[in-house]
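First comes the structure, then the notes that go with it.
There are 2 protein chains.
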Amino acid sequence: MKAFWEHGYEATGMAEIIRITGLNPGSIYAAFQSKQDLFLAALDLYGDFNRAAVERQLAKHSNPLEAIRDFFRQLAATVAGPSGKRSCFLVNSALEVARHDKAARKLICANFQSIEASFRSTLERAQAEGDLAPGKDPRALAATLMVFIWGLRVLGTTSPTPAQTEPIVAQVLELLK
Amino acid sequence: MKAFWEHGYEATGMAEIIRITGLNPGSIYAAFQSKQDLFLAALDLYGDFNRAAVERQLAKHSNPLEAIRDFFRQLAATVAGPSGKRSCFLVNSALEVARHDKAARKLICANFQSIEASFRSTLERAQAEGDLAPGKDPRALAATLMVFIWGLRVLGTTSPTPAQTEPIVAQVLELLK
DNA sequence: CTCATATTTGAACGAACATTCAATTATGTG
DNA sequence: CACATAATTGAATGTTCGTTCAAATATGAG
Numbered sequence: 000m001k002a003f004w005e006h007g008y009e010a011t012g013m014a015e016i017i018r019i020t021g022l023n024p025g026s027i028y029a030a031f032q033s034k035q036d037l038f039l040a041a042l043d044l045y046g047d048f049n050r051a052a053v054e055r056q057l058a059k060h061s062n063p064l065e066a067i068r069d070f071f072r073q074l075a076a077t078v079a080g081p082s083g084k085r086s087c088f089l090v091n092s093a094l095e096v097a098r099h100d101k102a103a104r105k106l107i108c109a110n111f112q113s114i115e116a117s118f119r120s121t122l123e124r125a126q127a128e129g130d131l132a133p134g135k136d137p138r139a140l141a142a143t144l145m146v147f148i149w150g151l152r153v154l155g156t157t158s159p160t161p162a163q164t165e166p167i168v169a170q171v172l173e174l175l176k
Numbered sequence: 000m001k002a003f004w005e006h007g008y009e010a011t012g013m014a015e016i017i018r019i020t021g022l023n024p025g026s027i028y029a030a031f032q033s034k035q036d037l038f039l040a041a042l043d044l045y046g047d048f049n050r051a052a053v054e055r056q057l058a059k060h061s062n063p064l065e066a067i068r069d070f071f072r073q074l075a076a077t078v079a080g081p082s083g084k085r086s087c088f089l090v091n092s093a094l095e096v097a098r099h100d101k102a103a104r105k106l107i108c109a110n111f112q113s114i115e116a117s118f119r120s121t122l123e124r125a126q127a128e129g130d131l132a133p134g135k136d137p138r139a140l141a142a143t144l145m146v147f148i149w150g151l152r153v154l155g156t157t158s159p160t161p162a163q164t165e166p167i168v169a170q171v172l173e174l175l176k
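Heads up: the sequence lines are chains A and B, in that order.
Quick note: the first sequence, position 97, residue 96 per numbering that gives the first Met the number 0, numbers continuous.
Quick note: the second sequence, position 122, residue 121 per numbering that gives the first Met the number 0, numbers continuous.
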């Protein structure tokens, strides 16, 4: 998973995976049909970690809107930090693989939709509690936040500073006011 | 350029480029040092096209804010259309190549910054003309719009419908009010 | 311990990879 | 036309790619 995440699908050779895992080719091919199959399993594993991390973040504060704000403030820091260039394995794969591989696209979309649903329900909770204006559309807002997350991941590959990422996040949080 | 755009750097073989161009290996290597060199030239060419297209769009309307609104409405349609999965060659390369290749990163960043500057000056013009509220920060807004563009490109790889992309763009345009 | 079943081993496979270069053909000048 | 220079040709290079498989080893039940 780490190898595919770091170098991408095409740039990662089976030889490297064999070296990293310490397994022999035969053992790997006994467990996975092909490199592509192994990649999908790695992507799926990452997706589970990712989804769990997002849900943990959103459950961190009792105030739903504050949880979202905190999520994005943290994302601004991550993206500007040393791990920003690593980006998100799902986003990387959306652009490198999902465009041509249907199975990968399906997996990635499902994960994105799950996270979007978490944001949506958090926004709905905020609206029910009166923190989010009644006129706002949680569905459209959640979809917009997702787009924004992906955009920040792209920004991360350009080695931005916190001084660059923070005002951007501040702008997005304007949408929640 | 089209081959690298469509399949990415790693997945595009020199054999395919030889086939598409109708040139022989020797001729290509007489003009370009290596596959990487050729890729950078392709990326640079795309960058010029892209920058020109954005500036054409922003100059389309005399009203600067309307030009930006039109740009994003058009982007929403493009991303939801058949060419949406192709995404943007610069964004694709930011995630696939720029993370490890310094030359590519520099080229991509320069192009992004140039486009961001166009948005910023357009926003400043809108502010000078009284269309954009005096309290808004054109610099932060321009950076935020860039992040949204990138995010929309990622969204494009998930085969979205116009019904999905349009409300998102509507949200973004809220920031300009 | 015995033996059938699983698992692991690592050498070997053909295919595809980026790249090279001596031979050939085209070009432009006088 | 003659001739120096430039460009093109395409077969061949060694390497690395994903993948296979027969042989060797480990495992667990009786």
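For every residue, glycine included, the Cβ atom is placed at its ideal position computed from N, Cα and C.
Quick caveat: nothing in here was measured; it's all calculated off a predicted structure.
TODO: Could you check what DSSP says for D69/A in three-state terms: helix, strand or coil?
DONE: Position 70 of the first sequence, counted from the start, is the residue given in the question as residue 69/A. D69/A falls in the helix class under three-state DSSP.
Open item on the list: Along the stretch 88-108 of chain B, where does the CB come closer than 8 Å to a CB of chain A? Name the residues.
Closed with: Residues V90, N91, A93, L94, E95, A97, R98, H99, R104, I107 and C108.
Task: Chain-ordered residues of the stretch 9-37 of chain A with a beta carbon less than 7 Å from chain B - done: E9 and A10
TODO: Please report the Cβ distance between A66/A and Q56/A, rounded to the nearest whole angstrom; I am assuming they are in contact, meaning their Cβ atoms lie under 8 Å.
DONE: The residue labelled residue 66/A in the question sits at position 67 within the first sequence. The residue labelled residue 56/A in the question sits at position 57 within the first sequence. Confirmed, Cβ separation roughly 7 Å.
Open item on the list: Taking the alpha helix (DSSP H) that L140/A belongs to, which residues open and close that run?
Closed with: Indexing the first sequence from 1 puts residue 140/A at position 141. P137 to G155 is the extent of the alpha helix (DSSP H) around L140/A.
Task: Contact belief for R124/B with A141/B at Cβ below 8 Å, rounded distance in angstroms - done: In the second sequence, counting from the first residue as 1, residue 124/B sits at position 125. In the second sequence, counting from the first residue as 1, residue 141/B sits at position 142. Not quite, the Cβ-Cβ distance comes to about 12 Å (not below 8 Å), so this is no contact.
Open item on the list: For the structure I just gave you, are there three or more beta carbon pairs, one from the stretch 83-92 of chain A and one from the stretch 18-29 of chain A, closer than 8 Å?
Closed with: Contact between the stretch 83-92 of chain A and the stretch 18-29 of chain A is absent, because fewer than three Cβ pairs lie under 8 Å.
Open item on the list: If I follow the unbroken alpha helix (DSSP H) through E9/B, where does it start and stop?
Closed with: Counted from its first residue, the second sequence places residue 9/B at position 10. Element bounds for E9/B: n/a, residue is neither H nor E.
- [ ] Run the CB neighbour count on P159/A, radius 10 Å, all protein chains shown included, and call it buried at 16 or more, exposed below.
- [x] The count along the first sequence starts at 1 and reaches residue 159/A at position 160. So P159/A counts as buried.
Open item on the list: I'd like to know whether the C-beta atoms of G150/A and F147/B end up nearer to each other than 8 Å.
Closed with: Position 151 of the first sequence, counted from the first residue, corresponds to residue 150/A. Position 148 of the second sequence, counted from the first residue, corresponds to residue 147/B. Result yes, Cβ atoms of G150/A and F147/B sit closer than 8 Å.
Open item on the list: Across the stretch 126-133 of chain A and the stretch 105-115 of chain A, are there enough close Cβ pairs to call them in contact, namely three or more that are closer than 8 Å?
Closed with: No, the stretch 126-133 of chain A is not in contact with the stretch 105-115 of chain A.
- [ ] With A103/B as the anchor, note down where its alpha helix (DSSP H) starts and where it stops.
- [x] By 1-based counting over the second sequence, the position of residue 103/B is 104. Run containing A103/B: K101 to A127, per the alpha helix (DSSP H) assignment.
- [ ] Alpha carbon to alpha carbon, how far is N49/A from I167/A? Give it in angstroms, no decimals.
- [x] Numbered from its first residue, the first sequence carries residue 167/A at position 168. Numbered from its first residue, the first sequence carries residue 49/A at position 50. Whole-angstrom Cα-Cα distance: 23 Å.
- [ ] Alpha carbon to alpha carbon, how far is R152/B from M13/A? Give it in angstroms, no decimals.
- [x] Taking the first sequence and counting its residues from 1, one reaches residue 13/A at position 14. Taking the second sequence and counting its residues from 1, one reaches residue 152/B at position 153. Rounded to the nearest angstrom, the two C-alpha atoms are 30 Å apart.
Task: Separation of R72/A from Q126/B, as counted between CA atoms - done: Along the second sequence, read from residue 1 onward, the residue named residue 126/B stands at position 127. Along the first sequence, read from residue 1 onward, the residue named residue 72/A stands at position 73. Distance between the alpha carbons of Q126/B and R72/A: 28 Å.
Task: Contacts that S86/A makes with chain B (C-beta to C-beta distance below 8 Å) - done: As a position in the first sequence, residue 86/A is number 87, starting the count at 1. Per Cβ cutoff of 8 Å: L94 and R98.
Task: C-beta contact flag for A2/A and I17/A at 8 Å - done: Locating residue 2/A in the first sequence gives position 3, where the first residue counts as 1. Locating residue 17/A in the first sequence gives position 18, where the first residue counts as 1. Taking 8 Å as the cut-off, the beta carbon of A2/A is found no closer than this to the beta carbon of I17/A.
Task: Burial state of P81/B, where buried means 16 or more other Cβ atoms lie within 10 Å - done: The residue you call residue 81/B lines up with position 82 of the second sequence. Exposed, by the Cβ-count rule.
Open item on the list: With H, G and I counted as helix, E and B as strand and the rest as coil, what does DSSP make of R55/A?
Closed with: Locating residue 55/A in the first sequence gives position 56, counting from the first residue. In this structure, R55/A counts as helix in the three-state DSSP scheme.
Open item on the list: Taking only three categories from DSSP, how would you classify K176/A?
Closed with: Position 177 of the first sequence, counted from the first residue, corresponds to residue 176/A. Coil at K176/A, not helix or strand.
Task: Below-8 Å beta-carbon distance, P166/A vs any chain B residue - done: Taking the first residue of the first sequence as 1, we reach residue 166/A at position 167. So yes, P166/A belongs to the interface.
Task: Nearest candidate by alpha-carbon position, reference N62/B, set T157/B, S26/B and L122/B - done: In the second sequence, residue 62/B corresponds to position 63, counting from 1. Here the closest residue by C-alpha is L122/B.
- [ ] Name the residue from A52/B, Q170/B and T143/B whose alpha carbon lies nearest to the alpha carbon of G134/A.
- [x] Taking the first sequence and counting its residues from 1, the one referred to as residue 134/A is at position 135. Of A52/B, Q170/B and T143/B, the residue nearest in Cα terms is Q170/B.
TODO: Under 6 Å Cβ to Cβ from M145/A, same chain only, skipping five residues before and after it: list those, please.
DONE: Position 146 of the first sequence, counted from the start, is the residue given in the question as residue 145/A. Only E115 meet the Cβ criterion.
Task: S92/A burial status per 10 Å Cβ neighbour count (16 or more: buried) - done: Within the first sequence, the letter at position 93 stands for residue 92/A. By the neighbour-count rule (16 or more Cβ atoms within 10 Å), S92/A is buried.
- [ ] Compute the Euclidean distance between the alpha carbons of G7/B and V96/A, then round it to the nearest angstrom.
- [x] By one-based count along the second sequence, residue 7/B stands at place 8. By one-based count along the first sequence, residue 96/A stands at place 97. Taking the straight line from one Cα to the other gives about 9 Å.
- [ ] Look at T157/B and A79/B and say whether their C-beta atoms are less than 8 Å apart.
- [x] As a position in the second sequence, residue 157/B is number 158, starting the count at 1. As a position in the second sequence, residue 79/B is number 80, starting the count at 1. Not in contact: T157/B and A79/B (Cβ atoms no closer than 8 Å).
Open item on the list: Just checking: is the beta-carbon of L131/A within a distance shorter than 8 Å of some beta-carbon in chain B?
Closed with: Numbered from 1 along the first sequence, position 132 holds the residue referred to as residue 131/A. It does not: the Cβ of L131/A has no partner Cβ on chain B nearer than 8 Å.
Open item on the list: Taking only three categories from DSSP, how would you classify K1/B?
Closed with: Counted from its first residue, the second sequence places residue 1/B at position 2. Under the three-state reduction of DSSP output, K1/B falls in the helix class.
Task: Reduced DSSP secondary structure (H/G/I, E/B, other) of V171/A - done: Taking the first residue of the first sequence as position 1, residue 171/A is located at position 172. Correct three-state label for V171/A: helix.
Task: Expected contact under 8 Å - CB spacing of E54/A and E9/B to nearest Å - done: Here residue 54/A refers to the residue found at position 55 of the first sequence. Here residue 9/B refers to the residue found at position 10 of the second sequence. The Cβ separation is near 33 Å, so there is no contact.
- [ ] Locate the alpha helix (DSSP H) running through G25/B, then write down its first and last residues.
- [x] The residue given as residue 25/B occupies position 26 in the second sequence. Counting along the chain, the alpha helix (DSSP H) containing G25/B begins and ends at P24 to A30.
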